[in-house]
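Take a look at the structure below.
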Amino acid sequence: APQSAIFDKEVHDEMLFIIIHQTYELWFKQILYELDSVLKSFEKNARVSEEQLYDAANRTGRICHILRVCVHQFDVLETMSAQGFSDFRDFLQPASGFQSKQFRVLENKLGMRAEQRIMHSGCPYYQHLGKEEEKQEVLQSETETGLMDFLGPWLEGLLDELCGGFDFAQYMKDAIENAAEHDKSAINQYPTLGRARRETKEAALTELEKKRTAHLKLFETEAHKELVNKGIRQLSFKATMACVFVQSFSKELSLQTPYRFLLNLIELDEQVARWRHRHSTLVLRMIGSKSGTGGSSGHAYLNAVMAKSRIFIDLCHSSHYLLPQHSMPPLPPAVRRRMQRYTPFGEEAGITSTPSTASLTSSSEFERFPTVPGLFMDHRH
43 APQSAIFDKE VHDEMLFIII HQTYELWFKQ ILYELDSVLK SFEKNARVSE EQLYDAANRT
103 GRICHILRVC VHQFDVLETM SAQGFSDFRD FLQPASGFQS KQFRVLENKL GMRAEQRIMH
163 SGCPYYQHLG KEEEKQEVLQ SETETGLMDF LGPWLEGLLD ELCGGFDFAQ YMKDAIENAA
223 EHDKSAINQY PTLGRARRET KEAALTELEK KRTAHLKLFE TEAHKELVNK GIRQLSFKAT
283 MACVFVQSFS KELSLQTPYR FLLNLIELDE QVARWRHRHS TLVLRMIGSK SGTGGSSGHA
343 YLNAVMAKSR IFIDLCHSSH YLLPQHSMPP LPPAVRRRMQ RYTPFGEEAG ITSTPSTASL
403 TSSSEFERFP TVPGLFMDHR H
């Protein structure tokens with residue numbers, strides 16, 4: 043019931059506020075239901091069957107759709123004016139968004155780490171939950187393995203299954219060197235090729251060398267371990283290589299379901315971030331720099347949480363490792379055969395993997411057409 047009606051005269055807009063929050067809780071319940079089924083597929087070991095992965099991709103896709111609805115619900119809430127909110131806001135205290143047990147459980151099940159949490163009023167986040175049993179449920183979810191924790195071992199197993207003993211990192215290094223050599227040749231032949239600012243040949247070659255060195259370093263195991271030790275990355279080097287492999291050859295039939303699953307995790311993370319952003323901007327719009335009803339610093343606190351709360355950000359970082367398709371040499375036949383075996387249908391059913399466009403570009407073609415962009419050259423020449 044509207045709190046304003048209990049303590050004073052009922053304020054009309056309070057009902058909208060209540061309905062929106064109750065709707066969020068219903069959606070969070072459905073999201074947790076879908077997420078639990080995905081976690082169950084990963085909990086036994088790193089090997090996930092094709093059927094399980096297909097279901098996981100579908101259900102994470104459904105979660106993304108639900109989160110889009112949750113984000114758009116702020117459009118309805120924003121039909122309320124700041125003055126209308128202030129008419130009943132005082133009746134809400136000390137109630138707060140901090141008291142959504144389901145959202146806290148959702149964060150933990152996705153894989154939010156303790157170091158990503160920001161203290162609120164000097165207390166851990168779970169201290170602001172209304173009931174003791176809710177606190178215990180949230181604390182229990184902290185001890186369980188989150189989706190991000192399952193993701194690493196699964197990706198490592200996927201790389202083993204697809205590549206066997208093939209050194210994919212070395213394959214990428216060789217491709218970088220070949221593409222850089224192509225670009226170097228093109229710069230020497232056409233000093234201003236692809237450069238709107240008409241840089242000199244020496245400056246272009248210096249810049250190319252910097253980019254080549256930086257890109258090669260991404261594929262160094264020790265350099266990656268250093269990023270993990272600093273907390274900049276979570277996924278292991280091997281898991282990262284698996285993600286790069288899947289993105290590089292996403293058109294292959296055998297990789298389309300893993301690719302869709304990874305894309306869904308990226309979007310899921312983005313949609314939660316959008317939900318937090320809309321919440322933060324709504325708070326600024328409704329109460330300015332006032333403290334929140336739960337005692338936080340309001341908009342400033344929500345912005346601080348946004349900056350630290352991304353969970354699957356490593357999947358976005360893996361895009362930094364990618365090469366243009368025309369710079370990717372063909373995969374060894376043994377790897378392509380392993381990819382065929384990984385395909386749920388394969389050639390036995392008359393279905394073959396879609397040829398990677400990388401295999402259409404050979405080194406001889408680079409030699410015949412030195413003006414074709416390589417790894418770093420601007421395509422707008």
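The sequence shown finishes on residue 423 if you use my numbering, and the numbering steps up by one all the way, no holes. Beta carbons are placed, not taken as given, at the ideal position from N, Cα and C, and that holds for glycine.
Which first and last residues belong to the alpha helix (DSSP H) in which residue i is found?
{"i": "GLY126", "result": "124-131"}
{"i": "ALA246", "result": "243-259"}
{"i": "ARG316", "result": "298-329"}
{"i": "PHE354", "result": "First-last for PHE354: undefined, no H or E at that position."}
{"i": "GLN231", "result": "210-231"}
{"i": "ASP97", "result": "92-119"}
{"i": "PHE291", "result": "Counting along the chain, PHE291 falls outside any alpha helix (DSSP H), and DSSP gives it neither H nor E."}
{"i": "VAL377", "result": "375-384"}
{"i": "PRO372", "result": "No alpha helix (DSSP H) contains PRO372, which DSSP labels as neither H nor E."}
{"i": "VAL80", "result": "56-84"}
{"i": "MET190", "result": "189-205"}
{"i": "HIS266", "result": "263-271"}
{"i": "LYS177", "result": "174-185"}
{"i": "GLN141", "result": "It is not in any alpha helix (DSSP H) - GLN141 carries neither H nor E in the DSSP assignment."}
Measuring only the C-alpha atoms, how far is residue i from residue j?
{"i": "SER296", "j": "ASP202", "result": "14 Å"}
{"i": "GLU219", "j": "TYR213", "result": "10 Å"}
{"i": "PRO397", "j": "SER292", "result": "Caution is warranted here: a pLDDT of 41 is assigned to PRO397, below 50, making its placement in the model unreliable, and the coordinate value is therefore given only provisionally. When rounded, the distance between both Cα atoms is 11 Å."}
{"i": "GLU56", "j": "ASP129", "result": "9 Å"}
{"i": "ARG104", "j": "THR323", "result": "26 Å"}
{"i": "MET328", "j": "VAL147", "result": "27 Å"}
{"i": "GLY172", "j": "PRO166", "result": "14 Å"}
{"i": "GLU84", "j": "ALA315", "result": "In the sequence as displayed, the identity of residue 84 is Phe instead of Glu. About 24 Å."}
{"i": "PRO372", "j": "GLU175", "result": "57 Å"}
{"i": "SER360", "j": "GLY194", "result": "13 Å"}
{"i": "THR65", "j": "GLU268", "result": "44 Å"}
{"i": "ASN230", "j": "GLU262", "result": "29 Å"}
{"i": "LYS51", "j": "VAL180", "result": "36 Å"}
{"i": "ALA221", "j": "SER369", "result": "6 Å"}
{"i": "SER290", "j": "ALA342", "result": "39 Å"}
{"i": "ASP311", "j": "THR242", "result": "43 Å"}
{"i": "THR248", "j": "GLU223", "result": "13 Å"}
{"i": "ASP78", "j": "ARG101", "result": "10 Å"}
{"i": "ASP191", "j": "SER227", "result": "44 Å"}
{"i": "TRP317", "j": "TYR75", "result": "19 Å"}
{"i": "ILE274", "j": "LYS350", "result": "12 Å"}
{"i": "GLN367", "j": "PHE70", "result": "40 Å"}
{"i": "PHE186", "j": "ALA211", "result": "Before going further, note that residue 186 is Glu rather than Phe in the sequence given. Approximately 32 Å between the Cα atoms of the pair."}
{"i": "LEU250", "j": "ARG302", "result": "33 Å"}
{"i": "SER225", "j": "LYS252", "result": "With the sequence shown as reference, residue 225 is identified as Asp, and Ser is not the correct amino acid for it. Spanning the two alpha carbons is a distance of roughly 13 Å."}
{"i": "VAL111", "j": "ALA156", "result": "28 Å"}
{"i": "ASN150", "j": "GLU244", "result": "52 Å"}
{"i": "VAL113", "j": "VAL377", "result": "42 Å"}
{"i": "TYR168", "j": "GLN158", "result": "14 Å"}
{"i": "SER183", "j": "ASP132", "result": "32 Å"}
{"i": "PRO375", "j": "TYR232", "result": "36 Å"}
{"i": "LYS280", "j": "CYS358", "result": "16 Å"}
{"i": "TYR27", "j": "LYS215", "result": "A query on residue 27 cannot be resolved here, the shown segment of the chain reaching from 43 to 423 and no further."}
{"i": "ASP117", "j": "PHE127", "result": "15 Å"}
{"i": "GLY207", "j": "SER91", "result": "22 Å"}
My guess is that residue i and residue j are in contact by the Cβ rule of under 8 Å, so how many angstroms apart are they, rounded?
{"i": "CYS106", "j": "GLU309", "result": "5 Å"}
{"i": "GLN115", "j": "ILE73", "result": "14 Å between Cβ atoms; not a contact."}
{"i": "GLN141", "j": "HIS170", "result": "6 Å"}
{"i": "HIS27", "j": "LEU304", "result": "Here the chain has residues from 43 to 423 only, and residue 27 is not among them."}
Measuring CB to CB, does residue i end up less than 8 Å from residue j?
{"i": "ARG89", "j": "GLY199", "result": "yes"}
{"i": "LYS259", "j": "ALA265", "result": "yes"}
{"i": "ASN306", "j": "ALA99", "result": "yes"}
{"i": "VAL347", "j": "ILE60", "result": "no"}
{"i": "ALA217", "j": "LEU365", "result": "yes"}
{"i": "LEU189", "j": "VAL80", "result": "yes"}
{"i": "THR282", "j": "ASP356", "result": "yes"}
{"i": "ILE353", "j": "MET122", "result": "no"}
{"i": "MET381", "j": "LEU204", "result": "yes"}
{"i": "THR255", "j": "TYR96", "result": "no"}
{"i": "LEU109", "j": "GLN313", "result": "yes"}
{"i": "THR197", "j": "LEU277", "result": "Just to set this straight, residue 197 is Leu in the shown sequence, not Thr. Yes, the Cβ-Cβ distance between LEU197 and LEU277 is below 8 Å."}
{"i": "TYR363", "j": "VAL288", "result": "no"}
{"i": "LEU119", "j": "LEU68", "result": "no"}
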